[in-house]
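Chains A and B, in that order, are what the protein sequence lines are. Numbers given in the numbering used here equal positions in the first sequence, counted from 1, plus 30. Numbers given in the numbering used here equal positions in the second sequence, counted from 1, plus 651. For every residue, glycine included, the Cβ atom is placed at its ideal position computed from N, Cα and C. Everything on this sheet refers to the single structure shown next.
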Amino acid sequence: MVNFIQNQLSFYISLALVMFLPGRFLLLAVFGKSRILSTLEKFVLSFGLSIVSIDFLFFAYFGLKIPITRFTTIVGITFFIAVCFAIYKKRENCHPELPPATLSRNDCGHGVSGSNKKLDSGPASPELERGESETGTTESDKLFTFSKKQFALILLLLFLTFFIKTVFLSQTISPNATDLGHHMYWSEWMVENHQLPDYEGMPDFIIGEQTIFGAVGLLSGLSFFSAFPPVILYLVNMLGLLAIFILTLRIFREKNVAILALFLIGLLYAVTAPQAKFVSGGVVGNILGNFLLPLALYFYARASALLREKSQTCTADDLKNSKVFLSLAIFATFGLFYTHHLTAFIFLFVFAFLIVIYLLLNFRDARETLSRIKKIVFSFPVLAVLIGGLLFFFFIFTPNYVNPSAVNTAVGAPSKATREGLTFANLKSSIGEARLGLGILGTLLLLFVYRKNRRDFGYLTILSWSIIVFLLSTEPRLFFVNLPSDRIGNYLSYPFSILSAYGIYYIFEKQKAFGQNNLIRSAFAVVIAFTLIGGLSDSIETLPKQNDYTGLVQTFASSSYLAAKTDLSDNVLKDHNYIAGDSWIKLFFMRGYKFPLSRGYFKRYEDATKPREMCTLNMISNPASDEAKQCYADTGTNFVMVNPKFDSGQFRKLDNFDQIYFSPEIAIYYRTR
Amino acid sequence: MQSKKIIIFLIVLFVISSAYLFFVDSRDSDFNIGKDWWVVYFDEPKKLSWNFSIENHSDKNDFKYEIFDGKNKVDEGAAIIAKGEIRSITLDQKIGRIENGKIMVIVSDGTEKKEIYKFTGLGLEF
């Protein structure tokens with residue numbers, strides 16, 4: 031029990047050091063005590079910025095050839111925090127009487143802003159982006175102050191979301207997911223070798239998927255076989271939902287839309303992909319991507335505040351804040367590109383579409399718009415982050431996927447039926463019937479509203495996000511994309527939840543008659559009930575029964591045995607089809623990502639679009655064949671791990687295989703000649 | 652103030668959830684808790700050694716073993732092994748050197764039998 035408590039404490043302390051404090055102090059350095067961000071926003075953003083900061087800290091170590099150890103990690107984080115704090119103190123000492131966001135009002139070139147406007151349901155006013163007003167209450171304070179009912183509803187939604195996800199994860203928390211095993215191998219490699227992994231040249235992995243696990247593993251000393259990796263993913267998943275909440279609140283400036291969005295992305299479909307199932311499945315890149323993508327969009331949307339303003343009301347504060355937000359947006363974007371290629375790929379399409387459409391729709395004001403963009407972009411903080419990021423990206427640590435062969439696999443005509451786009455029926459099962467219908471409705475309504483608010487970058491951000499992901503998943507040919515459509519379709523649930531929330535809000539709550547008209551209220555109740563039933567029944571259906579981990583522990587026991595009994599001269603082959611948690615076996619050996627060899631899913635050997643070696647299949651399925659004998663000779667394989675219920679017969683017939691280990695789920699054979 | 656309350660609520664929910672998940676994982680990953688299995692293996696798989704171990708993670712603890720050289724029983728014995736324990740059985744001195752044949756170890760817990768075997772003289776080192 032004492033050990034359990036100690037582990038828990040070290041985990042939470044490590045989590046705070048790696049995933050919260052760097053970002054929190056970075057925000058302190060750039061915004062000081064300004065109340066331009068609400069406390070909740072600072073909390074959510076701190077995690078995202080910490081994740082990216084830790085990435086860059088390790089890249090700096092890589093460039094400087096500093097080993098990544100517990101000591102150097104603590105020193106690096108402490109140094110980063112100290113520098114941020116020093117910047118904050120220096121700024122505070124220079125201008126003690128004013129919050130940093132309201133320091134200068136003489137540099138905009140468009141005069142001084144007017145007084146704060148009252149919150150309304152129209153597009154966000156620039157005052158929203160500023161610091162404290164003369165009355166001492168900021169727009170952030172107003173926006174994040176909820177009525178008692180709203181506050182209670184938010185707490186209830188958070189509680190239920192946690193509850194459903196925790197119930198699901200409690201059945202699947204032990205380390206047996208294939209993807210998580212692959213990722214944790216590299217994190218363990220990082221911890222053992224004190225440097226960033228090179229992934230043996232494979233483009234499938236990206237460094238951002240490993241750094242936080244490696245850092246927390248280093249600091250806490252916890253085993254990668256414990257619950258800490260999925261718990262970190264769980265935390266990131268929840269932060270992704272909160273990122274949607276603050277993004278929605280900032281863009282629509284309607285608390286009820288944000289609460290509805292939290293309801294639709296958090297409580298409903300809380301288990302299916304890309305939610306808790308991705309957490310337990312160890313789909314690290316998607317989980318992190320679904321946090322960093324909305325976070326980057328949040329920063330871009332806030333940086334765009336200056337573009338929304340009429341020229342007469344532009345202030346130095348607006349310009350300054352836009353610069354800072356754009357710097358953070360670029361910083362988060364680099365984090366995204368260092369974390370997950372697919373999400374980054376989607377982001378590129380969304381961002382390009384967003385910028386082009388925005389400029390086209392505001393063609394009349396193009397001169398003024400471009401002039402302001404120029405002022406924001408060609409500024410010290412923005413260029414410093416952009417150039418610094420590019421230097422890191424291309425000269426210090428370049429992700430493996432930045433190479434022609436990796437790009438070629440993602441670009442081109444769809445090579446399989448699963449890449450030709452999702453049908454509506456596919457989309458329905460992917461994001462849920464209610465969210466699909468309401469999301470389309472919300473898209474149409476927002477398009478209608480956007481016609482009158484063309485300067486609103488935030489509205490267009492949400493529209494671009496949903497339209498691009500929708501088209502990428504249904505019509506990939508339009509973009510010359512050759513990626514699994516269902517993987518892209520999973521991304522749709524995030525923007526469609528926001529748009530569904532907006533659709534419900536627009537149809538019902540925005541109507542003045544809502545309070546009085548029983549018919550409208552009844553219709554609202556029916557829609558909520560429809561979405562609730564759909565979303566909750568989906569979670570209930572996907573709740574697994576209590577898993578039996580007997581197979582998993584046998585895999586671990588046999589791996590431990592084999593790791594102890596073999597040396598570098600031996601080669602091991604295991605089966606992926608019938609052995610529980612087999613991707614974790616490599617963590618016992620730590621002799622390379624591709625050690626032990628693995629017989630993959632049978633269908634993969636029959637995939638005409640991707641021919642592959644047959645040795646791993648033949649050596650287990652037909653060990654007496656001439657092909658298998660040749661393979662054994664070529665690969666030097668002398669140990670074979672299989673599930674005896676499926677694969678022992680073919681070995682028992684042969685006199686050159688000793689059966690050296692036998693448990694109900696694992697048999698190990700030693701090839702003697 | 653409400654933001655702070657929401658954050659505190661989030662932290663409490665996360666800590667409770669993660670502590671529970673850590674607890675569940677430590678229980679599920681334990682070789683013994685709620686499990687019923689046992690394993691038999693050679694201690695020196697690459698050598699011409701007959702020493703083997705029984706690792707018990709089941710509720711049964713009365714194990715019997717028989718050693719065969721081909722079809723001939725050359726030894727037998729019994730071991731009481733508590734749940735979570737490993738018992739190594741030393742046979743090398745008892746059986747000695749067998750040049751060509753198949754040594755088979757059959758272990759039974761009374762209801763279930765498991766076997767391991769080695770072919771002798773086929774690449775194993777002494």
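Residue from the options with nearest C-alpha to residue i
{"i": "R642(A)", "options": "A654(A), Q305(A) and R629(A)", "result": "R629(A)"}
{"i": "N520(A)", "options": "G565(A), N512(A) and V499(A)", "result": "V499(A)"}
{"i": "F41(A)", "options": "D234(A), F88(A), L58(A) and S250(A)", "result": "S250(A)"}
{"i": "N316(A)", "options": "L416(A), I276(A), A346(A) and L366(A)", "result": "L366(A)"}
{"i": "R678(B)", "options": "V314(A), I194(A) and T202(A)", "result": "T202(A)"}
{"i": "E398(A)", "options": "F425(A), L336(A) and D347(A)", "result": "L336(A)"}
{"i": "D690(A)", "options": "K722(B), K711(B) and K697(B)", "result": "Here residue 690(A) is Ile; the residue named in the question, Asp, does not match the sequence. Here the closest residue by C-alpha is K697(B)."}
{"i": "F510(A)", "options": "F379(A), Y536(A) and S352(A)", "result": "F379(A)"}
{"i": "L186(A)", "options": "I696(A), T667(A), G296(A) and V266(A)", "result": "G296(A)"}
{"i": "A362(A)", "options": "R481(A), S80(A), R634(A) and I66(A)", "result": "S80(A)"}
{"i": "Q660(A)", "options": "L647(A), M671(A) and A593(A)", "result": "L647(A)"}
{"i": "Y299(A)", "options": "L265(A), F198(A) and L277(A)", "result": "F198(A)"}
{"i": "F560(A)", "options": "I534(A), N577(A), K683(A) and Y579(A)", "result": "I534(A)"}
{"i": "R703(A)", "options": "K172(A), K353(A), I696(A) and D688(A)", "result": "D688(A)"}
{"i": "D600(A)", "options": "L272(A), P626(A), N206(A) and R551(A)", "result": "P626(A)"}
Extent of the continuous alpha helix (DSSP H) to which residue i belongs
{"i": "I237(A)", "result": "Segment: none, I237(A) is in no alpha helix (DSSP H) and carries neither H nor E."}
{"i": "S459(A)", "result": "F454 to I461"}
{"i": "L627(A)", "result": "Careful: L627(A) lies outside any alpha helix (DSSP H), inside the beta strand (DSSP E) at L627 to R629."}
{"i": "A587(A)", "result": "T580 to K595"}
{"i": "M649(A)", "result": "C645 to S651"}
{"i": "A531(A)", "result": "S523 to I534"}
Proximal chain B residues relative to residue i, where beta-carbon distance stays under 8 Å
{"i": "K595(A)", "result": "E695, P696 and K697"}
{"i": "S68(A)", "result": "S654"}
{"i": "F510(A)", "result": "Within chain B, no residue comes near F510(A); the closest Cβ sits about 42 Å away, beyond 8 Å."}
Closer than 8 Å to chain A by CB, residue i
{"i": "D760(B)", "result": "no"}
{"i": "Y768(B)", "result": "yes"}
{"i": "F714(B)", "result": "no"}
{"i": "D676(B)", "result": "yes"}
{"i": "S700(B)", "result": "no"}
{"i": "V725(B)", "result": "no"}
{"i": "F682(B)", "result": "yes"}
{"i": "I658(B)", "result": "yes"}
Nearest-angstrom beta carbon gap, residue j and residue i [assumed within contact, 8 Å]
{"i": "S704(B)", "j": "D694(B)", "result": "6 Å"}
{"i": "F770(B)", "j": "D685(A)", "result": "5 Å"}
{"i": "S170(A)", "j": "S68(A)", "result": "4 Å"}
{"i": "Y716(B)", "j": "I757(B)", "result": "7 Å"}
{"i": "T373(A)", "j": "G451(A)", "result": "T373(A) to G451(A), Cβ: 19 Å. No contact."}
{"i": "A531(A)", "j": "L290(A)", "result": "4 Å"}
{"i": "I518(A)", "j": "L502(A)", "result": "5 Å"}
{"i": "L322(A)", "j": "T369(A)", "result": "6 Å"}
{"i": "V583(A)", "j": "F674(B)", "result": "Going by Cβ atoms, the distance from V583(A) to F674(B) rounds to 17 Å, so no, they are not a contact pair."}
{"i": "W495(A)", "j": "L327(A)", "result": "7 Å"}
{"i": "I706(B)", "j": "V690(B)", "result": "A small fix is needed here, since residue 706(B) is Glu in this sequence, not Ile. That pair is a contact at about 5 Å."}
{"i": "I107(A)", "j": "L47(A)", "result": "6 Å"}
{"i": "N456(A)", "j": "D516(A)", "result": "7 Å"}
Where residue i meets chain A, residues with beta-carbon distance less than 7 Å
{"i": "A733(B)", "result": "None at all; the shortest Cβ gap to chain A is about 17 Å."}
{"i": "A730(B)", "result": "Result: empty, since nearest Cβ-Cβ is about 16 Å, beyond 7 Å."}
{"i": "K686(B)", "result": "T580 and V583"}
{"i": "L661(B)", "result": "L188"}
{"i": "K765(B)", "result": "F692"}
{"i": "L664(B)", "result": "L188, F189 and F192"}
Unbroken beta strand (DSSP E) run spanning residue i, endpoints
{"i": "L252(A)", "result": "From DSSP, L252(A) is part of no beta strand (DSSP E); its letter is neither H nor E."}
{"i": "V602(A)", "result": "N601 to D605"}
{"i": "S759(B)", "result": "K753 to S759"}
{"i": "W688(B)", "result": "W688 to F693"}
{"i": "E766(B)", "result": "K764 to F770"}
{"i": "D568(A)", "result": "Where D568(A) is concerned, there is no enclosing beta strand (DSSP E), although the alpha helix (DSSP H) it sits in stretches over N548 to T572."}
is_contact[residue i, chain B] using C-beta, thresh 8 Å
{"i": "V309(A)", "result": "no"}
{"i": "Y608(A)", "result": "no"}
{"i": "F681(A)", "result": "no"}
{"i": "A245(A)", "result": "no"}
{"i": "Q705(A)", "result": "Residue 705(A) cannot be examined here, being either before or after the span of chain A that is shown, 31 to 703."}
{"i": "V261(A)", "result": "yes"}
{"i": "I203(A)", "result": "yes"}
Neighbour list for residue i in chain B, Cβ cutoff strictly below 7 Å
{"i": "S200(A)", "result": "Y671, L672 and V675"}
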